[in-house]
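2 protein chains.
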Amino acid sequence: MARTHKADPACDLIHGDFLVESPLHVAEASVDLVVTSPPYNLGVDYNSYRDRLSRDDYIDWTDRWAAEVHRALADDGSLFLNVGTRPSDPAAAWDVASVFRQHFRLQNVIHWVKSIFIAKGDVGKYPGVTRDVTVGHYKPVNSRRFVNDTHEYIFHFTKTGEVELDRLAIGVPYQDASNIERWAGAGGGVHCRGNTWFIPYPTIKFRAKDRPHPATFPVRLPEMCMRLHGVEKISRAMDPFVGLGSSALAAQSLGIDFIGFDIDEVYLEYARSRLAEPRQPDLIDAARP
Amino acid sequence: MARTHKADPACDLIHGDFLVESPLHVAEASVDLVVTSPPYNLGVDYNSYRDRLSRDDYIDWTDRWAAEVHRALADDGSLFLNVGTRPSDPAAAWDVASVFRQHFRLQNVIHWVKSIFIAKGDVGKYPGVTRDVTVGHYKPVNSRRFVNDTHEYIFHFTKTGEVELDRLAIGVPYQDASNIERWAGAGGGVHCRGNTWFIPYPTIKFRAKDRPHPATFPVRLPEMCMRLHGVEKISRAMDPFVGLGSSALAAQSLGIDFIGFDIDEVYLEYARSRLAEPRQPDLIDAARP
DNA sequence: AGAGCCGCTGAATCCTTTT
DNA sequence: CAAAAGGATTCAGCGGCTC
């Protein structure tokens, strides 16, 4: 079990528009970590690249909430922005990132790999992979010109570009036995995970009527982001778009105070019910001292 | 062994600047596939390239060779552009891609994963991973603020954005046991690989008079790009920056005519020596009929 | 009784046709 | 010719059944 930060962290879930409510509830530079996955679609069809007005509206709206996050974030805080992609618009995530680059420094780009094929013959001398295998959930796409998308971005933005991270908090074990002894003293037998994170997509299969939100990220994703920034450095975490509450659950599991917003009361109710459930075991797979 | 295209494909390796030589050697729209890894302008110690152009000069130079590739490429051709990242400028690859978006349509973005950690507990019900394992070579980076980089981009550009691909040519086996036999007939027992490709980093150690080539990609990378586009549709492939000749080797192994350029004769000589070696077995791991 | 076979369902989807 | 709607498609997951 990972060490948690506080015994009984606070969790405020506020019903309303982040752009309206955040200025009322969040003091300047009072949040140490933001992790979120913004809505792709605001009810306007911004996906059509010829619909300049709608697309511009989306970019403008992105710019405004980016500015509000900047106001709320501490000078040494971190923003982890999860953005997925549609095969038919592979650059959309980077268009969003471009807006944030006007407010923040892009310090790291992490690649969330939801599914990948590992050939046994490619593994080399390390045992552990015994046959060709696809790890993770594969979601087919009907297209002759697009390959399937099994990837999402996690952009790590900071104000200075120089925020120190706790890389070993989500470290992975050394592979080579000789390195384990040589370097074990330094970091507890683990080294930096790198920027490709294999996190299986949750395979929970709701029936359509039970699924209040089309997509969310697994709890482990915000958990890993928080630990990478450094749990003990986070007095309060924030998510402007709570959705089903994965980021709130992550904060709860790590003992971090949390404030979140969502415009949809149904989502918030669902998030509250998840928070009230018995705490799940920490599934983070990093080796720990 | 994969089927090859032609028995004895031609291979022209031309010593000189692509921007100067290509107009002399390559007719308009006469190349069906381009795969290359341009100098990154990262301050890497290449032999002859001035690899420390100013940012504006680098963008301008990129724009010019992008235009020349556009001239050479067939209307239904594919350009696969491999670009890595430097930790201190995580968006550099996309800045290069932005230049190409002014000439081409970005049809797919493929993520070349050089190393990734797979936890046994994350694999689910499919056997094949028996313990926590890092697949691929881990290259440490000494930094407090940057996680280490185990990823490179492969941008797939086309003129129309509607080039049909041969997704199953680099397909991977079905995962679910109950589905393997059921749908095996449709595509030879494989489905689309998706956009995250695990290819271990090559262990080439090239030294020539203390002037090593700092970067190359494994032969399998251009091989997979060529097969994804469709080997039988490629009359001639091209690489503006041959370097150590991996793309030429890929073309040779698949029986595809090839033309390549490099400003450095030492690199070309090394590429020629690799081409003259006994042909290596095809390491592509796709299942085949 | 566990492995194998089969039907059914769904997906921040894509494609084609119709206004 | 841009936008909307219905059709097509693929493969993992699950449950029920057989042998």
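Here the protein sequences line up with chains A and B, keeping their order.
Per the numbering used here, numbering of the first sequence is gapless, rising by one per residue and ending at 360.
Per the numbering used here, numbering of the second sequence is gapless, rising by one per residue and ending at 360.
Glycine is no exception: its CB is placed at the ideal position from the N, C-alpha and C atoms.
TODO: Identify which residue in B:W132, B:V140, B:Q246, B:E92 has its Cα closest to the Cα of B:V102.
DONE: What you label residue 102 of chain B is simply residue 31 of the second sequence in a count that begins at 1. Closest option to B:V102, Cα to Cα, is B:V140.
TODO: With DSSP collapsed to three states, give me the class of B:E235.
DONE: As a position in the second sequence, residue 235 of chain B is number 164, starting the count at 1. Collapsing the DSSP output to three states places B:E235 in coil.
Task: A:C82: first and last residue of the uninterrupted beta strand (DSSP E) it sits in - done: Stepping through the first sequence from its first residue, residue 82 of chain A is reached at position 11. Counting along the chain, the beta strand (DSSP E) containing A:C82 begins and ends at 82-86.
- [ ] Over the uninterrupted alpha helix (DSSP H) stretch that includes A:L152, give me the two end residues.
- [x] Within the first sequence, the letter at position 81 stands for residue 152 of chain A. Where A:L152 is concerned, there is no enclosing alpha helix (DSSP H), although the beta strand (DSSP E) it sits in stretches over 144-154.
Open item on the list: I'd like to check one pair, A:T107 with A:V184: are the Cβ atoms closer than 8 Å?
Closed with: Taking the first residue of the first sequence as position 1, residue 184 of chain A is located at position 113. Taking the first residue of the first sequence as position 1, residue 107 of chain A is located at position 36. Their beta carbons are not under 8 Å apart, which means A:V184 does not touch A:T107 by this criterion.
TODO: Within the same chain, show all residues whose beta-carbon is closer than 8 Å to that of A:P109, passing over the 5 residues directly before and after it, in chain order.
DONE: On the first sequence, position 38 is the one that residue 109 of chain A refers to. For A:P109, where only same-chain residues beyond five positions count, the Cβ hits under 8 Å are T133, W136, L152, V154, V167, P311, F312.
TODO: Give the interface partners of A:G195 over in chain B, defined as CB-CB distance under 9 Å, in chain order.
DONE: Along the first sequence, read from residue 1 onward, the residue named residue 195 of chain A stands at position 124. What A:G195 touches in chain B: V206, G207, H208, P271.
- [ ] May I ask which residues mark the beginning and end of the alpha helix (DSSP H) holding A:D166?
- [x] The residue labelled residue 166 of chain A in the question sits at position 95 within the first sequence. Its alpha helix (DSSP H) spans residues 163-172.
- [ ] Determine the closest residue to A:K304 out of A:H96, A:P289, A:N179, A:L104, with distance taken between C-alpha atoms.
- [x] Counting from 1 along the first sequence, the entry for residue 304 of chain A is found at position 233. In terms of Cα proximity to A:K304, the closest of A:H96, A:P289, A:N179, A:L104 is A:L104.
TODO: Closer than 7 Å, Cβ to Cβ, to anything on chain B: give me those residues from the stretch 212-242 of chain A, in chain order.
DONE: Cβ contacts with chain B come from R215, R216, F217, V218, N219, D220, T221, H222, E233, V234, E235, L236, R238.
TODO: Hey, could you find the ends of the beta strand (DSSP E) A:S186 is sitting in?
DONE: If you number the first sequence from 1, residue 186 of chain A lands on position 115. Run containing A:S186: 186-189, per the beta strand (DSSP E) assignment.
Open item on the list: Tell me the rounded alpha-carbon separation between B:G148 and A:T229.
Closed with: By one-based count along the second sequence, residue 148 of chain B stands at place 77. By one-based count along the first sequence, residue 229 of chain A stands at place 158. So the alpha carbons of these two residues sit roughly 40 Å apart.
Task: Distance CB(B:F269)-CB(A:D203) smaller than 8 Å - done: Numbered from 1 along the second sequence, position 198 holds the residue referred to as residue 269 of chain B. Numbered from 1 along the first sequence, position 132 holds the residue referred to as residue 203 of chain A. In this structure, A:D203 does not lie closer than 8 Å to B:F269 by Cβ.
Open item on the list: So, under 8 Å CB-CB, A:S324 and A:T287 are touching, yes? Tell me the CB distance rounded to an integer number of Å.
Closed with: As a first step, residue 324 of chain A must be located in the first sequence, where it is residue number 253. As a first step, residue 287 of chain A must be located in the first sequence, where it is residue number 216. With 8 Å as the limit, A:S324 and A:T287 do not qualify as a contact, their Cβ atoms being about 16 Å apart.
Task: C-alpha gap between B:I130 and B:V170, whole angstroms - done: In the second sequence, counting from the first residue as 1, residue 130 of chain B sits at position 59. In the second sequence, counting from the first residue as 1, residue 170 of chain B sits at position 99. The C-alpha of B:I130 lies about 7 Å from the C-alpha of B:V170.
Task: Straight-line Cα distance separating A:H300 from B:D160 - done: Within the second sequence, numbered from 1, the residue matching residue 160 of chain B stands at position 89. Within the first sequence, numbered from 1, the residue matching residue 300 of chain A stands at position 229. Rounded to whole angstroms, B:D160 to A:H300 spans 19 Å at the Cα level.
Open item on the list: Which residues does DSSP list as the beta-bridge partners of A:D67?
Closed with: Residue 67 of chain A falls outside the range modelled here, since chain A spans only 72 to 360, and no answer is possible.
Task: Contact set for A:R238: own chain, Cβ-Cβ below 6 Å, skip 5 residues either direction - done: Start at 1 with the first residue of the first sequence, and residue 238 of chain A comes out as number 167. Correct list, in chain order: C263.
TODO: Throw me the rounded Cβ distance for the B:D333 and B:G314 pair, which I believe falls under 8 Å.
DONE: Here residue 333 of chain B refers to the residue found at position 262 when the second sequence is read from its first residue. Here residue 314 of chain B refers to the residue found at position 243 when the second sequence is read from its first residue. Going by Cβ atoms, the distance from B:D333 to B:G314 rounds to 6 Å, so yes, they are a contact pair.
Open item on the list: Can you check whether the C-beta of B:N118 is within less than 8 Å of a C-beta belonging to chain A?
Closed with: On the second sequence, position 47 is the one that residue 118 of chain B refers to. The predicted position of B:N118 is uncertain, since its pLDDT is 49 and thus under 50; no value can be drawn from it.
TODO: Starting from A:N153, find everything on chain B with Cβ-Cβ shorter than 8 Å and list it in chain order.
DONE: Mapped onto the first sequence, residue 153 of chain A falls at position 82. Ordered by position in chain B, no residue passes the 8 Å Cβ test against A:N153, which lies about 15 Å from the chain.
TODO: Tell whether a beta-carbon distance below 8 Å holds between A:R216 and B:V234.
DONE: On the first sequence, residue 216 of chain A is found 145 positions in, with the first residue counted as 1. On the second sequence, residue 234 of chain B is found 163 positions in, with the first residue counted as 1. Closer than 8 Å, so yes.
Task: Where the beta strand (DSSP E) through A:V212 begins and ends - done: What you label residue 212 of chain A is simply residue 141 of the first sequence in a count that begins at 1. Counting along the chain, A:V212 falls outside any beta strand (DSSP E), and DSSP gives it neither H nor E.
Task: Minimum C-alpha distance to B:G331 - residue among B:D79, B:V97, B:A78, B:H76 - done: What you label residue 331 of chain B is simply residue 260 of the second sequence in a count that begins at 1. Nearest option by C-alpha distance: B:V97.
Task: Per DSSP, the bridge partner or partners of B:N179 - done: Locating residue 179 of chain B in the second sequence gives position 108, where the first residue counts as 1. Looking at the DSSP output, B:N179 shares a beta bridge with B:H227.
Task: A:D193 (DSSP reduced to helix, strand or coil) - done: In the first sequence, counting from the first residue as 1, residue 193 of chain A sits at position 122. Three-state DSSP puts A:D193 in a helix.
Task: Beta bridge counterpart(s) of B:W268 as assigned by DSSP - done: On the second sequence, position 197 is the one that residue 268 of chain B refers to. DSSP, once it has assigned bridges, lists B:W183 as partnering B:W268.
Task: Nearest-angstrom Cα separation, counted from A:G242 out to A:K196 - done: Against the first sequence, residue 196 of chain A aligns to sequence position 125. Against the first sequence, residue 242 of chain A aligns to sequence position 171. Straight-line Cα distance between these residues: approximately 21 Å.
Open item on the list: I'd like the span of the alpha helix (DSSP H) that includes A:V290, first residue to last.
Closed with: The residue labelled residue 290 of chain A in the question sits at position 219 within the first sequence. A:V290 -> no alpha helix (DSSP H), and no H or E assigned at all.
- [ ] State yes or no: is the beta carbon of B:N250 nearer than 8 Å to at least one beta carbon in chain A?
- [x] As a first step, residue 250 of chain B is located in the second sequence; it is residue number 179 there, counting from the start. Chain A, which has no Cβ nearer than 8 Å to the Cβ of B:N250, makes this no.
Open item on the list: So, for A:Q173: in the same chain, excluding its five sequence neighbours on each side, which residues have a beta-carbon less than 6 Å away from its beta-carbon?
Closed with: Here residue 173 of chain A refers to the residue found at position 102 of the first sequence. Sequence-distant partners of A:Q173 (beyond 5 residues in either direction) whose C-beta falls short of 6 Å from its own C-beta are missing from its chain.
Task: CB contact check: A:V261 to chain B, cutoff 8 Å - done: By 1-based counting over the first sequence, the position of residue 261 of chain A is 190. Answer no: the Cβ-Cβ gap between A:V261 and chain B never drops below 8 Å.
Open item on the list: Quick check on A:V313: does DSSP put it in helix, strand or coil?
Closed with: Translated into the one-based positions of the first sequence, residue 313 of chain A becomes position 242. Here A:V313 sits in coil by DSSP.
- [ ] Kindly give me the distance between the Cβ atoms of B:A321 and B:M297, rounded to whole angstroms, as I take these residues to be in contact under 8 Å.
- [x] Working through the second sequence from its first residue, we reach residue 321 of chain B at position 250. Working through the second sequence from its first residue, we reach residue 297 of chain B at position 226. So it is a contact: roughly 6 Å between Cβ atoms.
Task: Contact under 8 Å by Cβ, B:S186 with B:T205 - done: Translated into the one-based positions of the second sequence, residue 186 of chain B becomes position 115. Translated into the one-based positions of the second sequence, residue 205 of chain B becomes position 134. Cβ distance < 8 Å, so B:S186 and B:T205 count as in contact.
Open item on the list: Please list the terminal residues of the continuous alpha helix (DSSP H) segment that includes B:V91.
Closed with: The sequence position of residue 91 of chain B within the second sequence is 20, counting from 1. The continuous alpha helix (DSSP H) containing B:V91 extends over residues 89-96.
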